[in-house]
Each structure stands twice: as C-alpha cells, then as structure tokens.
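Peer 1:
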Amino acid sequence: SQIPFWIFFFYCTCEFRVAVPFIHSAGCSSPPPSNHNHEPKPQPTVYFKNLPEKLSTMSDDNDYVVESTDAGASATIPMEAGQIKKGGHMMIKGKPCKVLNISVSKTGKHGHAKCNFTAVDIFTGKKLEDMIPSTHGTTVPIVTKTEWEIIDIEEDGEVTLMDEGGEQKTDLNLPTIPEGLGDEIRAAWDDGNNTVMVTVQSAVGIEQIIAYKKESN
Numbered sequence: 005s006q007i008p009f010w011i012f013f014f015y016c017t018c019e020f021r022v023a024v025p026f027i028h029s030a031g032c033s034s035p036p037p038s039n040h041n042h043e044p045k046p047q048p049t050v051y052f053k054n055l056p057e058k059l060s061t062m063s064d065d066n067d068y069v070v071e072s073t074d075a076g077a078s079a080t081i082p083m084e085a086g087q088i089k090k091g092g093h094m095m096i097k098g099k100p101c102k103v104l105n106i107s108v109s110k111t112g113k114h115g116h117a118k119c120n121f122t123a124v125d126i127f128t129g130k131k132l133e134d135m136i137p138s139t140h141g142t143t144v145p146i147v148t149k150t151e152w153e154i155i156d157i158e159e160d161g162e163v164t165l166m167d168e169g170g171e172q173k174t175d176l177n178l179p180t181i182p183e184g185l186g187d188e189i190r191a192a193w194d195d196g197n198n199t200v201m202v203t204v205q206s207a208v209g210i211e212q213i214i215a216y217k218k219e220s221n
C-alpha cells in the first residue's frame, strides 16, 4: 500500500531538522562574513627633520636673557634697567656687580632713554660697563652677607668657620682679592690667640670672605 503524502512530507521535515545540527557541528557551515569596514586603516609615518634640540630663551633683539643654570635661575631676579640704583647690584656679562655710577642719555628717536652703568665685580673688583635702555630688562643677583668666627686656618689657607648656632663651614679659603687681605686675616687670628670674625659674601653660587674684624678678648 502507498504511504499518504502528508506522512511522507512530515517524515522528511523531521529528518532535515535532525540533520542540520550535525552539519553545523561537523564544520560544514559557512563562516560568518568578515566585516572589512572595521579593520584599522594603516596610519602614515611622519618624519621630523632638522628640529632644534633646545629652544632659545633669548629674544631676537637680546632684550631679555633667561638664566639657564640652576644657580642663576634661583639667585637672580628680573628688573627694569631704569629701576636699578647706584650702590645696588646687577649682572653684567654674567658677573655679579655693584653699581658705582649711572648716567642716563637723552631719549633717542626710538623713544627710549639709555642707562649707562659703571660697576665692579663684587668678587674680583674688576671694572665692568653696560648700556641698557631704561625700559628694558636685566637681572639682579641676590647678594647675602653672613658673619662667621674663624676656628682654624690651615697652612694652605683653608679656613674652618663657625656661626652663632655652632654650625661649621670648611669649604672656603683665605681671600686672595684684594691682595694682602688673606695675610692680614691670618696675622689678626695669630694662631688662635685672637677671636676673628669674617664676613662671607654669597651670590650666584659663589662664596668669598670679603672682610674681617678682630674681637677684643
């Protein structure tokens, strides 16, 4: 006898539903289409040529110079040339100086009066000069002076100093400038028989004994 058509159709449908999972598990299914739209695009390579290693801190017309050393950066302050007074301090050619005289020229065609400075290096006594427009900037060293008592003087001139708090200092020698000052200090101390106080001047990372005073015992 013949099988009714609807039974045959139902049987084939069941067989297909059972067969599909086995086909997928056997790796016969087609892989999902790749999405090429999300692939990262290659980036162009950029090359830099002839870049300066360090940017200059000096203006084109040399009006301002920013100190580049640690000592200079922490031990100087900016100031307009017209604000500097006679007897004050300023940096000239990288040296800390004391201003002896200032003369101001008449206003020129560009509208700037110029200050002519005559000064001396506070450590060497060398005379230096500079001319700066009054409204332009320069740098002023922070100068400090401290008092110390001489504890010892070595044959090579190295001195041991002590302040009022008992702190000792052993990194200075007797001064060689001005000539003869070091010999005067040694003679005044007299191998420790006298109490001698010295003045130590400090600026832009440099220290030097600049004066002394013999105390009465």
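With positions in the sequence shown counted from 1, the corresponding number in this note's numbering is that position plus 4. Virtual Cβ for every residue (Gly too), placed ideally from N, Cα, C.
#1: What's the call for residue 191, buried or exposed, on a 16-neighbour Cβ count within 10 Å?
#2: Give me the Cα-Cα distance between residue 68 and residue 219, rounded to the nearest whole angstrom.
#3: Determine the closest residue to residue 198 out of 155, 206 and 169, with distance taken between C-alpha atoms.
#4: For the alpha helix (DSSP H) holding residue 165, just list the boundary residues, first then last.
#5: Spatial neighbours of residue 99 within its chain, please: C-beta separation below 7 angstroms, excluding the five flanking residues on both sides.
#6: How about residue 137 and residue 80: do their beta carbons lie closer than 8 angstroms?
#7: Take the Cβ of residue 38 as the centre, count every other Cβ of all protein chains shown within 10 Å, and call the residue buried at 16 or more, exposed below.
#8: Using a Cβ-Cβ cutoff of less than 8 angstroms, which residues in the same chain neighbour residue 167 once the five nearest sequence positions on both sides are dropped?
#9: Going by DSSP in three states, residue 188 sits in which element: helix, strand or coil?
#10: Counting only the same chain and skipping the five closest in sequence on each side, list residues whose C-beta sits under 7 angstroms from that of residue 78.
#11: Kindly indicate the opening and closing residues of the beta strand (DSSP E) around residue 108.
#12: Taking only the alpha-carbon atoms, compute the straight-line gap between residue 194 and residue 143 and give it to the nearest angstrom.
#13: Apart from the five residues on each side of it in sequence, which residues of its chain come closer than 6 angstroms, Cβ to Cβ, to residue 85?
#14: Please state whether DSSP places residue 211 in a helix, a strand or coil.
#15: Compute the Euclidean distance between the alpha carbons of residue 200 and residue 175, then round it to the nearest angstrom.
#16: Under a Cβ-count criterion, where at least 16 other Cβ atoms within 10 Å of its own Cβ denotes burial, should residue 129 be classed as buried or exposed?
#17: Which of the three DSSP states is assigned to residue 206 in this structure?
#18: Could you check what DSSP says for residue 196 in three-state terms: helix, strand or coil?
#19: Between the alpha carbons of residue 104 and residue 92, how many angstroms are there, rounded?
#20: Measure how close the beta-carbons of residue 181 and residue 134 come, nearest whole angstrom, since I'm counting them as under 8 angstroms.
#21: If you measure between the beta carbons of residue 204 and residue 213, is that distance less than 8 angstroms?
Peer 2: If we stick to the structure as given:
#1: Residue environment for residue 191: exposed (fewer than 16 other C-beta atoms within 10 angstroms of its C-beta).
#2: Caution is warranted here: a pLDDT of 25 is assigned to residue 68, below 50, making its placement in the model unreliable, and the coordinate value is therefore given only provisionally. Taking the straight line from one Cα to the other gives about 46 angstroms.
#3: Nearest of 155, 206 and 169 to residue 198, Cα basis: 155.
#4: Residue 165 -> not in any alpha helix (DSSP H); beta strand (DSSP E) instead, spanning 162 to 166.
#5: Result list for residue 99: 125 and 132, in chain order.
#6: no
#7: Confidence at residue 38 is low in this model, with a pLDDT of 49, below 50, so the placement of that residue should be treated as unreliable; the coordinate-derived value is given next. That one is exposed.
#8: Excluding sequence neighbours, residue 167 sits near 150, 151, 152, 153 and 173.
#9: Residue 188 carries a helical assignment under DSSP once its states are collapsed to helix, strand and coil.
#10: Cβ neighbours of residue 78 beyond the five flanking positions: none.
#11: 99 to 108
#12: 41 angstroms
#13: Non-local C-beta neighbours of residue 85 in its own chain, meaning closer than 6 angstroms and more than five positions away in sequence, comprise 119, 136, 138, 140 and 142, ordered along the chain.
#14: strand
#15: 18 angstroms
#16: exposed
#17: Of the three classes helix, strand and coil, the one that applies to residue 206 here is strand, per DSSP.
#18: helix
#19: 8 angstroms
#20: Approximately 22 angstroms separates the beta-carbon atoms of residue 181 and residue 134; this is outside 8 angstroms, ruling out the contact.
#21: yes
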